[in-house]
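Everything on this sheet refers to the single structure shown next.
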Amino acid sequence: MLAAKKLGNHDRFAHLRELLRSAKHTVKMRKGTFLFQEGMDAAELYLILSGKVQISKIGADGKEMCFRICGPGEIIGELTLFTAEPRYLLTAKVIEDGEVAAIKKDDLEQQLLTNPALAYEYMQWVSTHGGRKQNFAI
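Here it is as C-alpha cells:
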C-alpha cells in the first residue's frame, strides 16, 4: 500500500490501485543501473513511482534505439510476462534516480485470477498501451 499512497488519488491512476495490492516491495533505482535487460527472464513488472527510465533495444547494427522515456505512474515490463517463455523484449535503464513498485508475476497472476474486474481492466490496459510498445520492439 506504500506504493498506492505515493500515487495519491489522481484519477489517472485509479486502474493501478488494485494492481498495487500485489506489490510486496518498492525498489530504489539509481541512475545508470538497469531494471531489466533485453533477453532476461521476465518475472515481474514495475510501476514507476519516481524517477525516469529509458526503454530501448539494441538494433542489428549494434546501436541502441531509444523508444521512450517513462516516468511516474507508468508500468514497464508487462509485454511478455504471461507468455510461455517470458523474456524481456526491451531494456529498461534508469536515467534519473527514483523508486519503483515491483510486482511479481505470481502475485499479479493471483490478483487477476481472483478479481475478474481487475483482470478485464488489466487486459484493456495492456491492449492499449502494450500494443504500441510491442510495435517498437519488432
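Residue numbers (full-length UniProt numbering): 1 to 138.
Built from N, CA and C at the ideal position, the CB exists for glycine as well.
(message) In the DSSP output, what is Asp41 paired with across the bridge?
(response) Arg87
(request) May I have the straight-line CA-CA distance separating Gly8 from Asp61, to the nearest angstrom? (result) Unreliable placement is indicated for Gly8, whose pLDDT of 49 sits below 50; the coordinate value is still reported in the next sentence. Their backbone Cα atoms lie some 43 Å apart in a straight line.
(request) Please state if the CB of Tyr122 and the CB of Leu112 are separated by a distance shorter than 8 Å. (result) yes
(message) Using only the alpha-carbon positions, how far apart do Leu81 and Lys105 sit?
(response) 7 Å
(message) Rounded to whole angstroms, what is the Cα-Cα separation between Asn115 and Gln124?
(response) 14 Å
(message) Measuring only the C-alpha atoms, how far is Lys63 from Lys57?
(response) 8 Å
(request) In the DSSP assignment, find the unbroken alpha helix (DSSP H) run with Lys105 in it and report its ends. (result) Lys105 to Thr114
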